[in-house]
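*Asks:* Structure incoming, see below.
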Amino acid sequence: MTKDAETKIALHEMTSREISSALEHNFDTVIVMVGSIEQHGPHLPIGTDTFAADELALRMAHKLGNALVAPTIRPGCSDHHMCFAGTISLRPQVLLEILRDYCRSLAAHGFKKVVLASSHGGNFAPLETFAPVLVREFPQLRIVHYGDMRGFMDVWRKAVSDLGLETEKAGGHACLGETSEMLRLKPELVRKDLFEPGFIGSTKGLTSKILRDGIEVVTKNGVLGDPREATSEIGEALLEAMATHLSDWAKKELQA
Ligand SMILES: [Zn+2]
67 MTKDAETKIA LHEMTSREIS SALEHNFDTV IVMVGSIEQH GPHLPIGTDT
117 FAADELALRM AHKLGNALVA PTIRPGCSDH HMCFAGTISL RPQVLLEILR
167 DYCRSLAAHG FKKVVLASSH GGNFAPLETF APVLVREFPQ LRIVHYGDMR
217 GFMDVWRKAV SDLGLETEKA GGHACLGETS EMLRLKPELV RKDLFEPGFI
267 GSTKGLTSKI LRDGIEVVTK NGVLGDPREA TSEIGEALLE AMATHLSDWA
317 KKELQA
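Here our numbering = 1-based position in the sequence shown + 66.
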């Protein structure tokens, strides 16, 4: 058996026998993404980060070549979005327990490497705290986690400016970037008639304020940036840039 772009790599779409066979053929790495179920302005579904996480994980796995994709942990840590209806937020300790059970299960089946990453900013700090705990508890697994939120945002901004667009419009939440990604992945869920700008400006120095006091103190409509020029093509470029960045990082990290 060989695995190419046509082969199934998402665990939840595979049969148990297919997974055993993949393991026998050295598919020993599993990508575990954490998403979010949180407000994304007037125009995007609350599953936006989770849809992006699903796609990033699949693209990363293809680029890594010997990796499968675990079901995205759909809700993440989103307390700072709770003032908007629909947001479902995990307490950090619950996320840790879920990650523990993912690792426990994957180790039991013989996987050797776990790549942890997040498509949502609010999960970065919890992952940073929990990754060393998981590394200690599962010595049979090589667990790596992507913790560079600034690096993540830099890739995002560079991809936007490479397209000749203003980086401030891609503020990082329900913005030009995320809206473009959803136009690429789930156009039927995007309310194009409800595009409106949110907070425009540098979010540098605002992240801790948003996490502490809630995103509503910075933006009344829940948008950081401006979605009005979003297109599916921009979304494709951003997803590919992020997936390339994450898979390059994972390759290096797993070899170290
Ligand atoms: Zn988002």
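Every residue, glycine too, gets a C-beta built ideally from N, C-alpha and C.
Here the structure is a predicted model, which is why all the values come from computation and not from measurement.
Does DSSP put Lys179 in a helix, a strand or coil?
*Replies:* As a first step, residue 179 is located in the sequence shown; it is residue number 113 there, counting from the start. In the structure shown, Lys179 sits in a strand (DSSP, three-state: E or B).
*Asks:* Assign Val283 to one of two classes, buried (16 or more other C-beta atoms within 10 Å of its C-beta) or exposed (fewer than that).
*Replies:* Against the sequence shown, residue 283 aligns to sequence position 217. Label assigned to Val283: exposed.
*Asks:* Under 7 Å from any heavy atom of ligand 1, does the C-beta of Glu244 make it?
*Replies:* By 1-based counting over the sequence shown, the position of residue 244 is 178. Because some heavy atom of ligand 1 lies under 7 Å away, the Cβ of Glu244 counts as near it: yes.
*Asks:* In terms of alpha-carbon separation, which member of Thr285, Glu79, Leu290, Glu244 lies closest to Ser185?
*Replies:* Locating residue 185 in the sequence shown gives position 119, counting from the first residue. Of Thr285, Glu79, Leu290, Glu244, the residue nearest in Cα terms is Glu244.
*Asks:* Please identify the residue among Pro111, Glu234, Asn189, Pro141 whose C-alpha is closest to the C-alpha of Glu254.
*Replies:* Sequence index remark: in the sequence shown, residue 254 carries index 188 (1-based). Checked all of Pro111, Glu234, Asn189, Pro141; the closest Cα to Glu254 is Pro111.
*Asks:* How long is the line joining the alpha carbons of Lys315 and Glu295, rounded to whole angstroms?
*Replies:* By 1-based counting over the sequence shown, the position of residue 315 is 249. By 1-based counting over the sequence shown, the position of residue 295 is 229. With the sequence shown as reference, residue 315 is identified as Trp, and Lys is not the correct amino acid for it. C-alpha separation (whole angstroms): 30 Å.
*Asks:* Could you tell me which of Met80, Arg83, Ser102, Gly107 sits nearest to Lys258, measuring between CA atoms?
*Replies:* The sequence position of residue 258 within the sequence shown is 192, counting from 1. Minimum Cα distance to Lys258 is reached at Gly107.
*Asks:* Are the CB atoms of Pro192 and Pro137 nearer to each other than 8 Å?
*Replies:* Locating residue 192 in the sequence shown gives position 126, where the first residue counts as 1. Locating residue 137 in the sequence shown gives position 71, where the first residue counts as 1. Cβ atoms of Pro192 and Pro137: not closer than 8 Å.
*Asks:* What did DSSP end up calling Met67 once you bin it into helix, strand or coil?
*Replies:* As a working mapping, residue 67 is identified with position 1 in the sequence shown. Because the pLDDT at Met67 is just 40, under 50, the model does not fix this residue reliably, and the point stays unresolved.
*Asks:* Which word fits Glu90, buried or exposed, when buried means at least 16 other C-beta atoms lie within 10 angstroms of its C-beta?
*Replies:* As a working note, residue 90 is residue 24 in the sequence shown. Flag for Glu90 reads exposed.
*Asks:* Go ahead and pull the three-state DSSP assignment for Leu312.
*Replies:* The count along the sequence shown starts at 1 and reaches residue 312 at position 246. In the structure shown, Leu312 sits in a helix (DSSP, three-state: H, G or I).
*Asks:* With Leu242 and Lys235 assumed to form a contact (beta carbons below 8 Å), what rounded beta-carbon distance in angstroms separates them?
*Replies:* For this step, residue 242 is matched to residue 176 along the sequence shown. For this step, residue 235 is matched to residue 169 along the sequence shown. Rounded, the Cβ-Cβ distance is 4 Å, consistent with contact.
*Asks:* Is the beta carbon of Ala127 closer than 8 Å to that of Ile75?
*Replies:* Counted from its first residue, the sequence shown places residue 75 at position 9. Counted from its first residue, the sequence shown places residue 127 at position 61. Result yes, Cβ atoms of Ile75 and Ala127 sit closer than 8 Å.
*Asks:* With a threshold of 16 other CB atoms inside 10 Å of the CB of Gly113, please say whether the residue is buried or exposed.
*Replies:* Position 47 of the sequence shown, counted from the first residue, corresponds to residue 113. Gly113 should be labelled buried.
*Asks:* Around the Cβ of Ser82, are there at least 16 other Cβ atoms within 10 angstroms (buried) or fewer (exposed)?
*Replies:* Within the sequence shown, numbered from 1, the residue matching residue 82 stands at position 16. Classification of Ser82: exposed, given that the 10 Å Cβ count is below 16.
*Asks:* Which whole-angstrom value is the C-beta distance of Ala133 and Phe93, which I expect to be below 8 Å?
*Replies:* Taking the sequence shown and counting its residues from 1, one reaches residue 133 at position 67. Taking the sequence shown and counting its residues from 1, one reaches residue 93 at position 27. About 7 Å; that satisfies the 8 Å criterion.
*Asks:* Which whole-angstrom value is the C-beta distance of His146 and Ile276, which I expect to be below 8 Å?
*Replies:* Here residue 146 corresponds to residue number 80 of the sequence shown, with the count starting at 1. Here residue 276 corresponds to residue number 210 of the sequence shown, with the count starting at 1. Sure, about 6 Å apart at Cβ, within 8 Å.
*Asks:* Which of helix, strand or coil does DSSP assign to Leu110?
*Replies:* For the purposes of this step, residue 110 is taken as residue 44 along the sequence shown, with counting starting at 1. Strand, per DSSP.
*Asks:* Just checking Asp120 against ligand 1 - is the residue's beta carbon closer than 7 Å to any of the ligand's heavy atoms?
*Replies:* To locate residue 120, count along the sequence shown from 1; it is residue 54. Answer for Asp120: no, Cβ out of range of ligand 1.
*Asks:* Identify the continuous beta strand (DSSP E) that holds Arg208 and give its terminal residues.
*Replies:* To locate residue 208, count along the sequence shown from 1; it is residue 142. It spans 208-211 - the beta strand (DSSP E) in which Arg208 sits, taken as one unbroken run.
*Asks:* Can you tell which of Thr273, Pro263, Val96 has its C-alpha closest to the C-alpha of Lys286?
*Replies:* Against the sequence shown, residue 286 aligns to sequence position 220. Residue Pro263 is the option with its Cα nearest to Lys286.
*Asks:* Find out if the Cβ-Cβ distance for the pair Val221, Met99 is shorter than 8 Å.
*Replies:* In the sequence shown, counting from the first residue as 1, residue 221 sits at position 155. In the sequence shown, counting from the first residue as 1, residue 99 sits at position 33. Not closer than 8 Å, so no.
*Asks:* Using C-beta distances below 7 Å, list every residue in its chain close to Leu249, excluding the 5 sequence neighbours before and after it, in chain order.
*Replies:* Stepping through the sequence shown from its first residue, residue 249 is reached at position 183. Here the set comprises Val256, Ala296, Thr297, Ser298, Gly301.
*Asks:* Select from Lys270, Tyr168, Ala303, Ser102 the residue whose C-alpha is nearest the C-alpha of Asp228.
*Replies:* Against the sequence shown, residue 228 aligns to sequence position 162. Comparing Cα-Cα distances from Asp228 to each of Lys270, Tyr168, Ala303, Ser102, the minimum goes to Ala303.
*Asks:* Just confirm the distance between the C-beta atoms of Phe196 and Leu165, as a whole number of angstroms; I'd bet it's less than 8 Å.
*Replies:* Taking the first residue of the sequence shown as 1, we reach residue 196 at position 130. Taking the first residue of the sequence shown as 1, we reach residue 165 at position 99. The pair is a contact, with the Cβ atoms about 6 Å apart (cut-off 8 Å).
*Asks:* With distances taken from CA atoms, which of Asp214, Leu305, Val180 is nearest Asn189?
*Replies:* For the purposes of this step, residue 189 is taken as residue 123 along the sequence shown, with counting starting at 1. It is Asp214.
*Asks:* In angstroms, rounded to a whole number, what distance separates the CA positions of Leu182 and Val210?
*Replies:* As a first step, residue 182 must be located in the sequence shown, where it is residue number 116. As a first step, residue 210 must be located in the sequence shown, where it is residue number 144. When rounded, the distance between both Cα atoms is 6 Å.
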